[in-house]
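In what follows, a structure is listed as structure tokens, so that the remarks can point back to it.
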Amino acid sequence: MFELTLQALFSGLLAGGYYATVAVGLALVFGTMRVINLAHGELVLLAAYVAYAAESNYGVSPVLAIPVALVIVAAASALVYALLSRIEQDREINSLILTFGLGIILTNTILSIWAADIRSTSDPWFQDSMVIADTLFAMNAEVAAFIGGLVLMAGVWWWLNHSWQGRAVRALSSNRAAATLMGVNPRRIEILSFMIAALLATFAGFAIYTGKTVFPALGHVLTVKAFIITVLAGMGSIPGVLIGAVMIGVIESLTVTYLSASLQELAGMILFLVVLFVSPSGLFGGGRALAR
Numbered sequence: 001m002f003e004l005t006l007q008a009l010f011s012g013l014l015a016g017g018y019y020a021t022v023a024v025g026l027a028l029v030f031g032t033m034r035v036i037n038l039a040h041g042e043l044v045l046l047a048a049y050v051a052y053a054a055e056s057n058y059g060v061s062p063v064l065a066i067p068v069a070l071v072i073v074a075a076a077s078a079l080v081y082a083l084l085s086r087i088e089q090d091r092e093i094n095s096l097i098l099t100f101g102l103g104i105i106l107t108n109t110i111l112s113i114w115a116a117d118i119r120s121t122s123d124p125w126f127q128d129s130m131v132i133a134d135t136l137f138a139m140n141a142e143v144a145a146f147i148g149g150l151v152l153m154a155g156v157w158w159w160l161n162h163s164w165q166g167r168a169v170r171a172l173s174s175n176r177a178a179a180t181l182m183g184v185n186p187r188r189i190e191i192l193s194f195m196i197a198a199l200l201a202t203f204a205g206f207a208i209y210t211g212k213t214v215f216p217a218l219g220h221v222l223t224v225k226a227f228i229i230t231v232l233a234g235m236g237s238i239p240g241v242l243i244g245a246v247m248i249g250v251i252e253s254l255t256v257t258y259l260s261a262s263l264q265e266l267a268g269m270i271l272f273l274v275v276l277f278v279s280p281s282g283l284f285g286g287g288r289a290l291a292r
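Here is the structure:
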């Protein structure tokens, strides 16, 4: 029983790494523009399918598809931003409607190109398993994705706290009018935030394709998961995203292990509602400044 619980906790930790990498991009865009990009999960999925296309059509490692996927996802993100930036009235609600519609378009585009079949990598290295301390088991892809996600999130945290552009993002998140008066170009910083979110989405899509399975409807699932984690952590809290994602991953893994896989999503939602009931502003107080 103890070893089973330990394995469930470890699997949940690794799953939290996937979730956090997806959610950080959503949190970054929200912190900069105060809008929720409901097409973010579809951008992650787009990167996953580019990796699949490279492997299935050209027989190359999915790793080699990352630069191509980054260009495609960045271009799609730039298009999303261009459309969002044209919204002048009721930005919050209209941005939700717009990005939700864009997400549907992306999902159906993926569906028409690659059909509804479930896809996963056939690369043997990613599928091979490793044993840690003769007790814990995981796929190479899961461990690599977790470590890579931590490195990327640490990089984003450092960038937000120690670079001029990062401080500009935080200033814009905290007080847009004051940041503009201090010389920050909102449009330039918003575009930069979208490009970094595209980088995170590309890595997340590659990680999910190599470590799990992908299908066209997964994009919506990822968006909802990322939104839940972002709110759970406290809107705009980058460090809280990792903790919130791990909490969701662990509770889902324990539910699958001891109850039923059919209750996995329900368990995460119950945790989300309980935390909001106890702390309506999220685990980290819902601070408006990023990276706190």
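Residues 1 to 292 in UniProt numbering are what the sequence shown spells out, letter by letter. C-beta atoms are modelled at their ideal positions from N, C-alpha and C, and glycine is treated no differently.
query: Whole-angstrom distance between A179 and G17, CA atom to CA atom; result: 33 Å
query: The stretch 200-211 in contact with the stretch 19-28 per 3-pair CB rule at 8 Å; result: yes
query: Within the stretch 83-155, ranges of the beta strand (DSSP E) (whole runs, at least 3 residues); result: 129-132 and 136-139
query: Contact check, L136 vs F227, beta carbons under 8 Å; result: no
query: C-alpha gap between L160 and F194, whole angstroms; result: 14 Å
query: Rounded straight-line distance, which links the Cα of V241 to that of A197; result: 14 Å
query: Buried versus exposed, by CB contacts within 10 Å (16 or more), M33; result: buried
query: Counted within 10 angstroms of its Cβ, other Cβ atoms place V60 as buried (16 or more) or exposed; result: exposed
query: Closer than 7 Å: V241 CB and nearest the ligand FMN heavy atom; result: The model depicted lacks the ligand FMN and carries no ligand whatsoever.
query: Nearest-angstrom Cα separation, counted from V250 out to F2; result: 15 Å
query: Reduced DSSP secondary structure (H/G/I, E/B, other) of G287; result: The predicted model places G287 with a pLDDT of 49, which falls under 50 and marks its position as unreliable; any figure quoted below should be read in that light. Three-state result, G287: coil.
query: Three-state class that DSSP yields for V214 in the structure shown; result: strand
query: Between the CA atoms of A141 and L259 - distance to the nearest angstrom; result: 26 Å
query: Own chain, CB closer than 8 Å to A65, minus 5 neighbours either side, in chain order; result: V50, A51, A53, A54, E55 and F206
query: Sequence-distant residues of its chain with Cβ nearer than 8 Å to D123 (five each side left out); result: E55, S61, P62 and T210
query: Inter-stretch contact at 8 Å, needing at least 3 Cβ pairs: the stretch 209-224 / the stretch 99-114; result: yes
query: 6 Å CB neighbourhood of N94 in its chain, flanking five on each side removed; result: I87
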